[in-house]
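Remarks on the structure that follows.
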Amino acid sequence: MDRRSSLKNILLGTVAGGLAVHGCTTREAAEAAEQLGAKTGFGYGRVPEELEALEKLNAETFLNPHERETIEVLAELILPPDEKFGGPLDAGVPDFIEFMAKDYPDFQPTLRGGLMWLDHKSNTEFGMEFKSTPEAQQKSLLDGIAYYDAKVPMDEHPLEIQFFNLVRNLTVCGYYTSKAGIEDLGYKGNMPNVWDGVPQDVLDKHGLAYEPEWLEKCVDQSQRGVIAEWDEDGNLLT
Amino acid sequence: MQIKEQPTVYDAIIVGSGAGGGMATKVLADAGLKVAVVEAGPFFDPALPEHQTQLKWPYESPRRGAATVRPFGDFDAAYGGWEIKGQPYTQKNGTRFDWFRSQMLGGRTNHWGRISLRFGPKDFKHKDVDGLGENWPIGYEDIKPYYDRVDKLLGVFGSKENLPNDPDGFFLPPPKPRLHELYYIKGARKAGVPVFPSRLSMLTKKINNERGVCFYCGQCSRACQVYADFSAGTCLIFPAQKSRGQVDLFVNSMVREVTTDQEGKATGVSYINKEDRKEYQLRGKVVILAASACSSARILLNSKSAQHPNGLGNSSDLVGKYLHDSTGSSRAAFIPALMNRELYNEDGVGGMHVYSPWWLDNKDLDFPRGYHIEVWGGIGMPNYGFGFNPNEFNSFFGLKTGGYGDQLRKDVKKYYGAVMGFGGRGESIARKDNYCEIDPTTVDEFGIPVLRFHYNWSDYERNQAKHMQMTFEEIIHQMGGEPLGSTPGAERDYGLETPGRIIHEVGTTRMGDDPATSVTNRYQQLHDADNVFIADAGPFVSQADKNCTWTILALSMRASEYIVEQLKQQNI
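Chains as they are written, first to last, in this note's numbering: chain U, 1 to 238; chain V, 1001 to 1572.
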């Protein structure tokens, strides 16, 4: 279903927004926001203060080129690229990690300290920085920090475990919240549709069924466009 | 600096454009009156593309929807939050109350959960049952006709169930339960907890030609561009602007105080225009405060004059007292039966399709009053936080957690949709020593003295939260699930949220027939100034185990019609 045309069908009447008496409130502010949004590329309902803050964050750089390259190597080890959907680099994961480090500065010492730890360990064991060692050596190093005991709170684990956990979290999250990642995951929503219950084959598979008396209360989707009318006891007539 | 006055004398000045202020605006405009609506935040209309967050994808936000700026995530519709820059509030004696403010047209109704429950007969007279708190001066029968009209005017889905303290209304039909909700129904019933279709103010069916019908994106917290969910801006203010009366909207306008004359009657309000930072005055025959229970209390307490030396309406010294929020305690669970989900669009409405209203008799329990249970879960849109600790549930099967490589992709898909959450939302007992007052040493960036909070929970609320946790664990067990994390014990108040966190602030200007023990009368009219009314949740005497919005709307409709009548009769 085409999102724009179906939305247009669903919108049953055009509703004029109200006018405000005071100041440069409605149109001008909205236009200014739209212009700023277009300029910054953040067209998702930001207020001017939020756009300014986003601009400011974008103007800063946290990861230096070496750190960024190391993050890129790590991300592709964490989620190796898939033939159909690509991998973390295609999904913009390094940009997301860079942004989150600035947006949530608590991440910074863990990220930066962890990257230093990684290179130190790699230099000690293999005489080379992590990003330049062969993949087999990279993996043997990761095998020592990639697993954790879930019963122990994360902040009680050694820094290198916390570090890898953070990079893994941001990589997996960044990938599965990207366009390709959402497709890979198989999420089907975020578009106009009509919910009419769990598909029958799914109910069957789970050994579940809708109770007739419950279903009787539920919306008849063929009548959703008919204006509701009730009798005086609140029984729906339409 | 000279205060700038306007020549217009409004029939009424309405402070705040949320549920209470929105309804007052609609009723007064429908009666042909000339009203000024003064809103502290900017204009907002979710139909404007530049305001929309609905139907955006996580990758349109560079933080993928994280809550680093907006407390409920980057796509949440509420402007504001627990802290607002330049507008502090303070705490007293080491106690804590977290205050969520949303300054924008429509206020917090733009993002709220739309859980629209009527209070029941017992809720208005609960002191008669357990001797605690105070009875309301009105009963269910007084407000029932207004609930009925609110249902029809704004739309709420639900089902007729004939429950003794959860009255039925004029319901739109509810949506069918989702898969995880079918599991909940089964598990909860085995645990002895009844389940019913939820009651939310979203249009599953058309109610008029102005508003669209729900298209099931599950994003009501982002505010609906076709106005299929109830928000005060889209469903009350905008229609009021097209109604018989005159509605002048003053946005970005922060009210400082209600001005009064020699007789102590209100003459209007003074406000600061946030854009030029200058003070202005509006004049009106009536002032209706609907700025939120705490903000309205603040305005009253800051409205000191020779006639009202203790603050307007505060001869009883009760303005700000009896502040109370709902109790809340939550738990999440891993439900193995929901692993390896078949994938289809189950976004549904923006909230639960089923819920459990309070079902027990307190005489066998160690706490008064009840709570309802809200549920969440499903194969929703991934957002910031999705994929964190992607295979931690491996530990339930004795498998390793963590790792990297292709296995992670399989783990993510295996556990997608296998988590459910349960929230108890209950009634606390209103107490005089839980209050907000003016902090004598702190002002905001507009020079207006700010609120200072004093709030403690008692064992009533703690024991209730303990019961919630026991109930959740029993339901989870009956669903074949595993509760996540350890059971919150006494050291964590059984998971009881900090006061204010449920965002149901009520009680600061409670109603009553006796001016010595209440701030407003049964029509929400100040005992001390008959042309000042409170249309938010301030006049609530008690909160009930329900959410407050539907009652704010019904009470505001009732008070506003009383105001129209009184103006006609020239009594005020």
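By construction, the Cβ of each residue, glycine as well, lies at the ideal position given by its N, Cα and C atoms. Just so you know, these numbers come straight off a predicted model, no measurement behind them.
- Each residue's CA atom was taken as its position, placing V/E1474 and V/P1483 some 10 Å apart.
- Per the Cβ contact rule, the stretch 1256 to 1269 of chain V is not in contact with the stretch 1497 to 1509 of chain V (fewer than 3 Cβ pairs under 8 Å).
- Pairing V/G1417 with V/L1360 gives a Cβ-Cβ distance that is not under 9 Å.
- With the criterion set as a beta carbon lying under 7 Å from some beta carbon of chain V, the members of the stretch 114 to 145 of chain U are L142, in sequence order.
- In the structure shown, V/V1015 adopts extended strand secondary structure according to DSSP, grouped into three states.
- At least one CB of chain V lies nearer than 9 Å to the CB of U/G45.
- Residues of the stretch 1333 to 1363 of chain V with a C-beta atom less than 8 Å from some C-beta of chain U are A1337, E1342, L1343, Y1344, N1345, E1346, D1347, G1348 and V1349, listed in chain order.
- Residue pairing by DSSP places U/Q200 in no beta bridge whatsoever.
- At a C-beta separation below 9 Å, V/C1220 has no neighbours in chain U, since its nearest C-beta there lies roughly 14 Å away.
- Under the 10 Å beta carbon count, V/V1443 is surrounded by fewer than 16 other beta carbons and is classified as exposed.
- At a cut-off of 9 Å between beta-carbon atoms, U/L77 makes contact with chain V.
- One finds M100, D103 and Y104 in chain U with Cβ atoms closer than 8 Å to the Cβ of V/A1066, taken in chain order.
- A Cβ-Cβ distance of about 16 Å is found for the pair U/A101 and U/F164, leaving them out of contact under the 8 Å criterion.
- Sequence-distant partners of V/G1538 (beyond 5 residues in either direction) whose C-beta falls short of 6 Å from its own C-beta, in its chain, are A1293, S1296, T1508 and T1509.
- By the C-beta density criterion, V/R1244 is exposed, having fewer than 16 other C-beta atoms within 10 angstroms.
- Among the residues of chain U, those whose CB is under 9 Å from the CB of V/T1401 are Y147, Y148, D149 and A150, following chain order.
- Annotation for U/G87: E76, L79, P80 and P81 place their beta carbon closer than 7 Å to its own, counting only its chain and skipping 5 residues before and after.
- Restricting attention to V/V1213, V/C1224, V/M1254 and V/N1273, the CA atom closest to the CA of U/V226 is found in V/V1213.
- Distance from the Cα of V/R1277 is smallest, within the candidate group V/R1522, V/Y1494, V/G1086 and V/G1485, for V/G1086.
- Note on V/R1063: 16 or more other CB atoms within 10 angstroms of its CB, so buried under the neighbour-count rule.
- Out of V/V1532, V/V1286, V/S1315 and V/K1414, the CA that lies nearest to the CA of V/Y1010 is found in V/V1286.
- When DSSP states are grouped into helix, strand and coil, U/V152 belongs to the coil group.
- Taking the Cα of V/V1129 as reference, the smallest distance to any Cα among V/G1032, V/K1363, V/R1256 and V/V1375 is reached at V/K1363.
- For the stretch 1049 to 1064 of chain V, the set of residues with a beta-carbon nearer than 9 Å to any beta-carbon of chain U comprises P1049, E1050, H1051, Q1052, T1053, Q1054, L1055, K1056, W1057, P1058, Y1059, E1060, S1061, P1062, R1063 and R1064, in chain order.
- Taking C-beta separations shorter than 8 Å and ignoring five residues to either side along the sequence, the partners of V/K1206 in its chain run V1213, following chain order.
- Secondary structure of V/C1436 (DSSP, three-state): strand.
- Taking 9 Å as the threshold, the shortest C-beta distance from V/A1291 to chain U does not fall below it.
- It is roughly 29 Å from the alpha-carbon of U/S122 to the alpha-carbon of U/E60.
- Here the stretch 1059 to 1076 of chain V lies against the stretch 1373 to 1385 of chain V, with 3 or more beta-carbon pairs under 8 Å apart.
- For V/R1409, the neighbours in chain U by C-beta distance under 8 Å run, in chain order, L79, D82 and D184.
- Contact fails between the stretch 1435 to 1453 of chain V and the stretch 1150 to 1158 of chain V, because fewer than three Cβ pairs, one in each stretch, are under 8 Å apart.
- V/L1200 and V/G1158 have their C-alpha atoms spaced approximately 7 Å apart.
- Contacts with chain U (Cβ-Cβ distance below 8 Å) from the stretch 1154 to 1184 of chain V involve G1155, F1157, S1159, K1160, D1168, G1169, F1170, F1171, L1172, P1173, P1174, P1175, K1176, P1177, R1178, L1179, L1182 and Y1183, listed in chain order.
- Here V/N1273 is bridged, per DSSP, to V/S1253 and V/K1278.
- Put simply, the backbone Cα of U/G234 is about 12 Å away from that of V/Y1147.
- Annotation for V/V1375: the continuous beta strand (DSSP E) segment containing it runs Y1371 to G1377.
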